[in-house]
Amino acid sequence: MKPIKVISSIFSLSVILFGLSSCAGGKETGFSFDPDPPFTLGVVYYQDWVAGVKEAGSGTNVYVTIDGYVDDVVIMDIYFRNKKLKAQNSPQNRDQYVGYLKNRSRPDIIMDIDPVKESQNLPPEAFPFQLEEDEAVLSYLHNDEVKFLKISKIEQKPMIAYPGVNSKGID
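Using my numbering, the first residue of the sequence shown is number 3, and each one after it goes up by one.
Right, here's the structure in full:
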């Protein structure tokens, strides 16, 4: 009877340890954040916007300003609100990058008895980071290596409401 008790105890302990090791309290990304980037961050904020016409939609722009810019650094992407945004150089400021997040309506999901038709549904892309609402990750290339910088406590600026089109042509 004693060997069965020992074996069951070892098995139970193994299951518990395996369960705890796979549950890290958050999403494991496999990415490490660079604690000492070759540049410093300036002003970082995001700003929601809404167009005056329904067809133009709405979205959020994320602005990241780089101080102490280094020539061998290439800013690549901004990860924000479960989306990967291409970091585009601002036309007004060489040291500022903008990620444009346009809110899109969800595509229709095909529900059919035929699995071939259902297979046309695109699976959602896996987001590599667990971020809060006011956090982002900046990816950049430095010395031929992709690195990541986590940005916390991003300021939210007031929403911009663009004017609608005056259909009657009267001001």
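Glycine included, each C-beta is placed from N, C-alpha and C at the ideal position.
- [ ] Starting from the Cα of residue 96, find the closest Cα among 121, 87, 75, 68 and give me that residue.
- [x] Translated into the one-based positions of the sequence shown, residue 96 becomes position 94. For the residues 121, 87, 75, 68, the minimum Cα distance to residue 96 belongs to 68.
Task: Segment contact flag, the region 155 to 166 with the region 67 to 81, C-beta cutoff 8 Å, min 3 pairs - done: no
- [ ] Would you mind sorting residue 45 into buried or exposed? The rule is 16 or more other CB atoms within 10 Å of its CB.
- [x] Locating residue 45 in the sequence shown gives position 43, where the first residue counts as 1. That one is exposed.
TODO: Answer with buried or exposed for residue 141, where buried requires no fewer than 16 other C-beta atoms within 10 angstroms of its C-beta.
DONE: Translated into positions along the sequence shown, residue 141 becomes position 139. Burial call: buried.
- [ ] Report all residues from its chain with a CB closer than 8 Å to the CB of residue 122; omit the five preceding and five following residues, and keep chain order.
- [x] As a first step, residue 122 is located in the sequence shown; it is residue number 120 there, counting from the start. Same-chain partners within the cutoff: 112.
Open item on the list: Starting from residue 121, trace the beta strand (DSSP E) in both directions and tell me its first and last residue.
Closed with: In the sequence shown, residue 121 corresponds to position 119, counting from 1. First-last for residue 121: undefined, no H or E at that position.
TODO: Decide yes or no for the touch test of the region 143 to 156 against the region 89 to 104: beta carbon pairs closer than 8 Å, at least 3 of them.
DONE: no
- [ ] Please check the pair residue 100 and residue 63, which I expect to be a contact at CB under 8 Å, by giving their CB distance rounded to whole angstroms.
- [x] Position 98 of the sequence shown, counting from 1, holds the residue named residue 100. Position 61 of the sequence shown, counting from 1, holds the residue named residue 63. Yes, they are in contact, since the Cβ atoms of residue 100 and residue 63 sit about 6 Å apart, within 8 Å.
Task: residue 131 to residue 139 span [Cα, whole Å] - done: Your numbering for residue 131 matches position 129 in the sequence shown. Your numbering for residue 139 matches position 137 in the sequence shown. Their backbone Cα atoms lie some 8 Å apart in a straight line.
Task: Spatial distance of residue 157 from residue 39 (CA atoms) - done: Translated into positions along the sequence shown, residue 157 becomes position 155. Translated into positions along the sequence shown, residue 39 becomes position 37. Answer to the nearest angstrom: the Cα atoms are 21 Å apart.
Open item on the list: Residues in the same chain with beta-carbon distance under 8 Å from residue 85, minus the five sequence neighbours each way, listed in chain order, please.
Closed with: Taking the sequence shown and counting its residues from 1, the one referred to as residue 85 is at position 83. Closer than 8 Å at the Cβ level, and outside the excluded window around residue 85, lie 103, 129.
- [ ] Rounded to whole angstroms, what's the CA-CA distance from residue 51 to residue 152? Just pull it up for me.
- [x] Numbered from its first residue, the sequence shown carries residue 51 at position 49. Numbered from its first residue, the sequence shown carries residue 152 at position 150. If you take the alpha carbons of residue 51 and residue 152, they lie about 24 Å apart.
TODO: Closer than 6 Å by C-beta to residue 87: which residues in its own chain qualify, once you throw out the five before and the five after it? Chain order, please.
DONE: To locate residue 87, count along the sequence shown from 1; it is residue 85. The answer, listed in chain order, is 80, 101, 103.
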